[in-house]
Structure formats: C-alpha cells, structure tokens
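Visitor: Chains as they are written, first to last, in my numbering: chain A, 14 to 391; chain B, 176 to 576. Where a beta carbon is used, it is the ideal one built from N, C-alpha and C, also for glycine.
Below, the structure written as structure tokens:
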C-alpha cells in the first residue's frame with residue numbers, strides 16, 4: 014500500500030515503531046544511526062546462546078528497515094542526510110527535533126523538498142513544560158494514569174507488559190505521517206511538520222479514570238483481578254486444569270444460567286442451581302454471597318481444561334475466554350490460519366524467530382515479509 | 176487552516192470502543208463521519224458511565240462523548256428493509272465504511288462486501304472484530320477482556336509468579352482502533368494512486384500481540400521468561416516505582432544511561448551505594464533488591480510531584496504515578512491543549528481529549544459528540560438530497576429510529 018513511499022528514520026528507541034509500522038505497509042524505510050549505532054541496541058534482552066550486535070528488543074522494532082551510519086556532527090554526514098531528505102516523503106525523528114539542533118530545521122528541509130513530511134515522536138508536547146524529557150517508557154506510563162489502575166491494591170502500581178507508551182506513541186507517529194500524507198495529496202502537494210507527544214498518546218489510552226474524576230470526583234483504585242460493580246467485586250481470572258480462563262459473575266442472566274446448566278450436568282452446581290438468576294442483581298449481592306458462589310464455580314472450573322471451557326462457551330455464547338500464554342499464542346491455530354506469525358530469517362546473525370506479521374488483512378496487498386534489522390557498520 | 180482530512184466521507188456503523196475510537200481520530204482531523212445508530216440497539220457506549228449529574232441518559236455519557244467527538248448521528252432501524260435502503264444510500268455516499276458487527280450480520284442484511292462493492296466500486300471497508308474475520312475463532316464475540324486473554328497480554332501482566340492479571344480497562348479497545356485508523360489512511364493513499372478500494376480486516380488480538388513484538392521475539396529465541404512481568408527492565412536499573420508521601424502515592428524512576436545514575440547516586444548520598452558493584456548497570460541488576468530498598472528509604476516521605484520535578488531537572492527520567500485527578504489537572508496537558516472545552520447540548524461545557532499531535536499546516540478541531548439521531552435531517556436531506564417529507568415519514572414509521 015505504501016510501496017511508493019520513502020521514509021528516513023532517526024529514532025533511537027522512541028519512534029522506531031513508527032518506522033516498523035510504515036515498513037510493514039510496504040514503505041521503503043532507511044534507518045540512520047550515528048557512529049557506534051543506536052544506544053538502544055544495548056538496551057533490553059540479549060540472546061542467551063549467542064553474542065549479537067543488538068538486543069532482541071532492538072531487532073524486533075527495527076526489522077524491515079535498511080540502515081546507514083552517518084556522523085551528523087560532520088559536514089559529510091549533514092550533506093548526505095540533506096541529499097536523502099531531498100528525495101524522501103517522510104522523515105521520522107524520535108525523542109525530539111535533533112536535526113533542528115544540527116541546523117537543519119524544517120524550513121531548510123522543505124525548501125529543498127516541499128513535499129517532505131517531518132514527524133517528531135517526542136516524550137512530551139512541544140508547547141508544554143517537559144518537551145524532550147528526560148523520560149522512559151516507565152515514567153510515561155506512570156504519569157499517564159494507567160499504572161494507577163494496574164496491579165493489586167496492597168502492592169505497588171504496575172506497568173503493562175512490554176513498552177506500551179512507546180508502542181502507543183509509535184502508532185500515533187504512523188497516524189500523524191499518514192494523515193499528513195493525505196493532506197499533502199488533497200491540497201497543494203506540500204508536506205508539513207507534526208509533533209507527537211508520547212505522554213498524550215498514553216493518557217488517551219487510559220480513557221476512563223480522568224473523566225470519572227471530572228464528572229464524579231471519584232479517584233480510581235487498583236482492584237487486582239476483581240471487577241468492581243456496585244457493592245461487590247467479582248473474579249475475572251480462574252485457575253483451570255491446565256492454566257487459566259477469564260469469566261465473571263456479572264449481570265447477564267443468560268450467561269450465568271448457561272454456565273450453571275453445564276455445571277448441573279456434571280452434578281457440580283450445588284447451591285448455584287437454587288438461585289433465581291433472572292431476579293438477582295449481582296452488583297448488589299453481598300460480597301460473602303458472591304464469594305460462596307465463586308467457590309463452587311472454582312471447584313468445577315478446576316476439573317476442566319481451558320480448551321474444553323472455551324469450546325463450550327463458544328457453542329453456548331457464555332462469554333468465557335481461555336487465557337493464552339505467549340507460548341499458546343505462538344502455536345494457536347487461529348493465528349496460524351491468518352498467517353499472523355512471520356518467520357524472521359536473519360542469516361547474517363544466524364537467527365530464526367517468529368515476529369508479529371501484518372497489522373491487518375486486506376484485499377489490496379499481500380503481507381510484507383520482514384527483513385532483518387540493519388547492522389551499524391559504516 | 177484546513178483539516179488534513181477535509182472532504183473524506185465515512186459511514187460509521189461501529190459501536191462501543193473498538194471502531195468509534197478510530198473514527199474519532201478521523202473526525203478530529205476534518206473527516207465527515209456519519210455515525211449510524213439505532214434506538215432499537217443503543218450503542219452500549221451511550222449506556223457507559225460516568226454520566227452528567229449521575230443520570231443514566233443516552234445523551235449524557237461522558238464516555239460516549241469523548242469517544243465520538245465531531246461526528247454526525249443518524250438513527251436507522253436496520254431490521255426494516257427501508258432502513259437497509261437508507262444504509263445503502265450512505266454506503267454509496269461514503270469513501271470509507273467502518274463496522275464491528277458480529278460476523279455475518281451485514282451479509283444477512285444484503286450488505287456483504289460484494290454487495291457493497293456493487294454499490295460503490297472503490298469503497299474502503301474496515302471491519303474490527305475480536306479474532307479477525309477468518310480462522311477457527313472468527314465467530315467469537317467480544318466480551319471485555321477477550322483480546323487481553325488471547326494475546327498473551329493478560330498472562331504477561333502482573334507480578335512474576337502470580338496468576339494472569341486483568342486490570343479494569345479494555346486495552347484491546349484502544350490499540351485495535353489505532354490500527355484501524357492507520358488502515359483507513361493507508362487505504363486512502365492507495366486508492367488515490369490506483370483507484371482501487373479494499374476490504375480491511377482488523378483483529379483486536381493481533382494489534383496487542385504486535386505491540387509485544389519485543390517480548391515475542393525474545394520468547395522465540397530464549398524461551399519463556401517470567402522476568403518480563405512486574406516493573407523491572409531487562410538491562411537497566413534502577414527501574415521501578417518507589418513509595419512517596421501519602422496513601423498509595425508513588426514515583427517512577429528509571430536510569431537508562433550512566434550519567435543519569437551518577438546524578439541520582441550523588442543526590443541520594445547513601446553510603447550503601449558507594450559499593451563499586453553499583454557502578455555499572457549489570458552490577459545494579461545483580462543487586463536490584465538492595466538498590467530498590469535504598470531508593471525506597473530515600474523516596475518515602477517525599478512528595479511524588481516535587482520529587483519527579485527535581486529528578487527531571489537533573490536529567491534523571493522520573494514521573495509521578497498519577498491518578499485520574501492528577502492527569503485531568505496536569506499543567507503539561509493544559510499547555511499542550513490536550514483537553515478542548517466544547518459546549519454539548521446535554522453535558523454543557525465539557526473537556527474532550529484531542530489527538531496527541533500538532534500539525535504545522537493542518538487544523539485539528541474537536542467538536543461535541545452528537546445527540547442520538549441529531550443529524551437525521553442534515554444527513555438525509557441536506558447531504559444526500561432526499562425529500563424532507565420522506566424523512567419525516569420514515570421517522571414517524573420507525574424506520575429512521
């Protein structure tokens with residue numbers, strides 16, 4: 014879809030996902046690193062069995078790109094990047110407008126190439142107080158309001174797995190680039206400069222707590238794995254014979270009756286069989302009663318496998334999902350049928366591993382196979 | 176300044192979060208988004224708290240309002256054949272159709288992809304569903320946490336050694352619509368170049384797995400790793416949240432570079448950190464329990480906001496763990512124009528979030544969310560050119576309802 018689009022990326026950490034997304038849509042992405050390579054090559058997980066030129070994290074975010082090493086403190090480096098940007102459609106910078114600091118502000122670049130779109134994926138807004146940081150994924154997640162919701166009430170707040178503030182900012186960077194591409198085509202062929210705030214991207218993801226305070230004055234608290242509605246909280250995560258499933262005793266009488274019917278068929282419904290679910294408001298039930306009902310459910314769930322429960326739920330519309338581990342997700346027939354996992358074949362590094370593939374399926378384009386991330390050799 | 180997407184026409188059949196968040200992005204950037212709703216099947220977002228004055232009102236949900244800024248709302252009863260005719264008129268008008276119905280619903284209405292293409296040959300159709308429209312799980316319906324459960328996200332959340340964790344918000348309703356926005360924008364570019372439309376299938380699970388690319392690649396190379404859970408970083412330390420003054424108050428501190436650690440160590444001035452073992456990141460990782468204990472002793476009793484500001488001023492990455500009030504009142508967000516005050520007929524003056532980006536030439540305009548069916552006349556009469564008498568009749572007969 015974007016095979017006609019040339020992208021130049023200077024993103025050491027934050028912003029690298031923007032280039033990865035555009036590459037997976039077919040764009041030609043050239044990553045520029047300074048002498049010695051990105052510092053983020055040396056952050057993250059290393060391969061246990063071999064020594065590589067970059068962390069596995071860096072290799073994941075930079076697959077699908079080609080690379081060039083330039084010293085932007087030297088005239089030759091500046092000349093080279095000016096020449097590249099004269100031909101490019103999109104420039105991505107991570108962290109801030111580093112080229113502006115090097116004397117190549119957007120005015121200069123757009124005189125040579127009026128169609129150039131410059132996307133800056135920074136920790137904070139350009140107009141605000143914090144600008145280019147310092148910040149990391151963790152500090153942005155903390156500020157976003159999301160960590161306040163994640164974890165247990167009696168333990169410290171938790172981030173989400175991976176680097177989600179950077180991921181959200183990276184996707185917003187791609188949205189910014191493509192929005193400007195539409196404006197360029199619809200108007201006069203001129204590009205523009207866009208500044209994306211990773212902090213704001215993360216705040217948008219935590220969509221509930223700020224408006225709850227705005228409209229009710231209530232401050233959200235961590236509730237562990239309990240879903241709190243009304244007076245009581247209900248469990249969301251259940252151990253089963255071979256792992257975990259998610260299901261909740263919420264006010265959907267059809268689903269609750271369906272589950273109780275399955276338990277009754279096994280002779281395991283106990284007191285649940287006596288409850289008039291159509292006339293019980295679970296949100297108002299006392300916590301002790303919920304706990305007693307949940308104990309009966311737990312005993313029955315433990316006799317079943319997650320696959321068995323997921324199949325029964327799908328047949329009857331009971332709203333239960335199996336909780337897949339990463340290993341489960343990697344061998345799930347669903348993602349195999351959709352060709353989601355692509356195999357990254359990195360001959361230079363003697364590395365073969367699965368990598369998430371197409372962003373979505375479309376009738377207009379075959380998935381783009383990932384090429385290995387570049388080396389940092391000059 | 177024009178909006179970047181002025182002139183782009185979108186017929187939006189989607190509801191709750193997974194579609195509407197995508198079309199909000201597009202509307203704020205100037206696209207004309209017509210939201211197709213029905214009183215017979217209310218968008219559950221309209222029933223989602225918090226509400227203006229605590230009163231359950233389909234036009235008074237703040238959740239709905241912030242998810243649907245700048246859209247027009249029409250009501251069509253798709254259970255009526257004449258309602259389907261009106262939907263066909265909107266599809267003929269649109270550049271893009273967005274939907275997140277259950278699989279097969281549109282086919283049963285006579286609005287399959289082939290039938291839509293016959294109405295509008297260069298149409299872009301975007302469908303959002305839990306597991307995607309193909310594969311053995313394509314029939315499953317979405318219930319809150321399904322995407323987190325199936326993506327590995329829930330299993331990776333929480334503390335090492337503990338059961339999977341499901342926080343009380345639907346992250347699958349956040350990431351998938353961002354991918355849908357990317358899809359619409361890339362498809363518009365493709366259509367301009369080739370004249371072709373396309374059908375796009377976005378799963379809620381796949382985008383969550385995509386944002387975990389680093390963890391999945393490492394899993395493939397090294398095998399399972401419980402250390403990815405919790406707040407610690409695989410190679411940097413310190414990297415965590417530390418207790419501050421007050422009940423449940425915390426500050427995040429993370430050192431990625433040695434210069435940051437040197438500044439932090441000098442500020443703390445605790446002799447326990449004089450051990451040369453703390454002088455590089457691998458040494459700090461090996462002593463992380465002690466490191467975290469020393470930091471916690473030092474942060475306890477300090478104000479989280481003051482501490483974070485002081486550390487940032489020294490170049491040390493830090494951020495207060497903010498709750499909903501802290502976020503809503505954050506001066507950084509005010510300076511950035513993150514919340515835009517709009518006047519809503521039911522909610523009154525209210526603050527709606529803007530996209531997290533600023534363009535040098537294109538205008539972002541955040542306008543109030545529509546009342547249910549507010550724009551039946553504006554859309555069917557003014558935009559599509561249908562006779563007003565016909566619209567009045569269809570409203571009275573419960574077709575536009």
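Can you confirm whether residue 487(B), when its beta carbon is compared against all beta carbons of chain A, has any partner nearer than 8 Å?
Guide: For residue 487(B), the nearest CB of chain A lies under 8 Å from its own CB, placing it at the interface with that chain.
Visitor: Might you give, ordered along the chain, the residues of its own chain that have their beta carbon closer than 6 Å to the beta carbon of residue 314(A), omitting 5 neighbours on each side?
Guide: 251 and 253
Visitor: Name, in chain order, the residues that DSSP records as bridge partners for residue 418(B).
Guide: 425(B)
Visitor: Taking only runs that begin and end inside the region 24–64 of chain A, name each unbroken beta strand (DSSP E) of 3 or more residues, in chain order.
Guide: 41–46
Visitor: Below 8 Å on C-beta distance, what does residue 41(A) contact in chain B?
Guide: Under the 8 Å cutoff, chain B gives no residues; its nearest Cβ is about 15 Å from residue 41(A).
Visitor: Starting from residue 171(A), trace the beta strand (DSSP E) both ways and give me its first and last residue.
Guide: Counting along the chain, residue 171(A) falls outside any beta strand (DSSP E), and DSSP gives it neither H nor E.
Visitor: Compute the Euclidean distance between the alpha carbons of residue 479(B) and residue 496(B), then round it to the nearest angstrom.
Guide: Distance between the alpha carbons of residue 479(B) and residue 496(B) is about 8 Å.
Visitor: Strictly under 8 Å for the Cβ-Cβ distance: is residue 343(B) near chain A by that measure?
Guide: Yes - at least one Cβ of chain A is within 8 Å of the one on residue 343(B).
Visitor: Whole angstroms is fine: what's the gap from residue 514(B)'s alpha carbon to residue 222(A)'s?
Guide: 14 Å
Visitor: Within 10 Å of its beta-carbon, does residue 380(B) have 16 or more other beta-carbons around it, so buried, or fewer, so exposed?
Guide: buried
Visitor: What's the call for residue 137(A), buried or exposed, on a 16-neighbour Cβ count within 10 Å?
Guide: buried
Visitor: Using 8 Å for Cβ pairs, my map puts residue 527(B) next to residue 244(B). What's the rounded Cβ distance?
Guide: 5 Å
Visitor: Reducing DSSP to helix, strand and coil, say where residue 68(A) ends up.
Guide: coil
Visitor: Judging by CA-CA distance, which residue of 241(B), 365(B), 519(B) and 404(B) is the nearest neighbour of residue 336(B)?
Guide: Closest by alpha carbon: 404(B).
Visitor: Determine the DSSP secondary structure at residue 379(B), reduced to helix, strand or coil.
Guide: The DSSP-derived three-state label of residue 379(B) is coil.
Visitor: Under a three-way DSSP split, which group does residue 532(B) fall into?
Guide: strand
Visitor: Out of 237(A), 384(A), 220(A) and 70(A), which one is the CA nearest neighbour of residue 220(B)?
Guide: 220(A)
Visitor: Under 8 Å between beta-carbons, which chain A residues line up against residue 293(B)? List them in chain order, please.
Guide: What residue 293(B) touches in chain A: nothing, since even the nearest Cβ is about 15 Å away.
Visitor: Strictly under 8 Å for the Cβ-Cβ distance: is residue 381(B) near chain A by that measure?
Guide: yes
Visitor: For the putative contact between residue 103(A) and residue 134(A), defined by C-beta atoms under 8 Å, what is the C-beta separation to the nearest angstrom?
Guide: Going by Cβ atoms, the distance from residue 103(A) to residue 134(A) rounds to 12 Å, so no, they are not a contact pair.
Visitor: Report yes or no: do three or more beta-carbon pairs, one from the region 123–132 of chain A and one from the region 298–315 of chain B, lie closer than 8 Å?
Guide: no
Visitor: Return the residue from the list 229(A), 78(A) and 18(A) that minimises the CA-CA distance to residue 197(A).
Guide: 18(A)
Visitor: In chain A, which residues lie less than 7 Å from residue 425(B) when you measure between Cβ atoms?
Guide: Residues of chain A whose Cβ lies closer than 7 Å to the Cβ of residue 425(B) are, in chain order, 169 and 170.
Visitor: Measuring alpha carbon to alpha carbon, tell me which of 16(A), 68(A), 15(A) and 60(A) ends up nearest residue 387(A).
Guide: If we check each option's Cα against that of residue 387(A), 68(A) comes out closest.
Visitor: Sort out for me which residues DSSP pairs residue 385(B) with in a bridge.
Guide: DSSP, once it has assigned bridges, lists no residue as partnering residue 385(B).
Visitor: Closer than 7 Å, Cβ to any Cβ of chain A: which residues of the region 254–272 of chain B, in chain order?
Guide: Going along the region 254–272 of chain B in chain order, one finds no residue with a Cβ nearer than 7 Å to chain A.
Visitor: Which chain A residues are close to residue 204(B), counting only those with a beta carbon under 7 Å from its beta carbon?
Guide: Chain A residues near residue 204(B): 192.
Visitor: Would the region 265–277 of chain B count as touching the region 180–196 of chain B if we require 3 or more Cβ pairs under 8 Å?
Guide: yes
Visitor: Between 409(B), 350(B), 313(B) and 299(B), which lies nearest to residue 373(B) when the distance is taken from Cα to Cα?
Guide: 299(B)
Visitor: If you draw a straight line from the alpha carbon of residue 200(B) to that of residue 466(B), how long is it in whole angstroms?
Guide: Distance between the alpha carbons of residue 200(B) and residue 466(B): 43 Å.
Visitor: Classify residue 259(A): buried if its beta carbon has 16 or more other beta carbons within 10 angstroms, exposed otherwise.
Guide: buried
Visitor: With 9 Å as the C-beta to C-beta threshold (strictly closer), list the residues of the region 369–393 of chain B near chain A in chain order.
Guide: 369, 371, 372, 373, 374, 375, 376, 377, 378, 380, 381, 382, 384, 385, 386, 387, 388, 389, 390, 391, 392 and 393
Visitor: So for residue 375(A), helix, strand or coil by DSSP?
Guide: strand
Visitor: Taking all protein chains shown into account, do 16 or more other C-beta atoms lie within 10 angstroms of the C-beta of residue 183(B), making it buried, or fewer, making it exposed?
Guide: Classification for residue 183(B): buried.
Visitor: Can you give me the C-alpha to C-alpha distance between residue 2(A) and residue 225(A), rounded to a whole angstrom?
Guide: A query on residue 2(A) cannot be resolved here, the shown segment of chain A reaching from 14 to 391 and no further.
Visitor: Rounded to the nearest angstrom, what separates residue 295(A) and residue 304(A) at their Cα positions?
Guide: Taking the Cα positions, residue 295(A) is about 12 Å away from residue 304(A).
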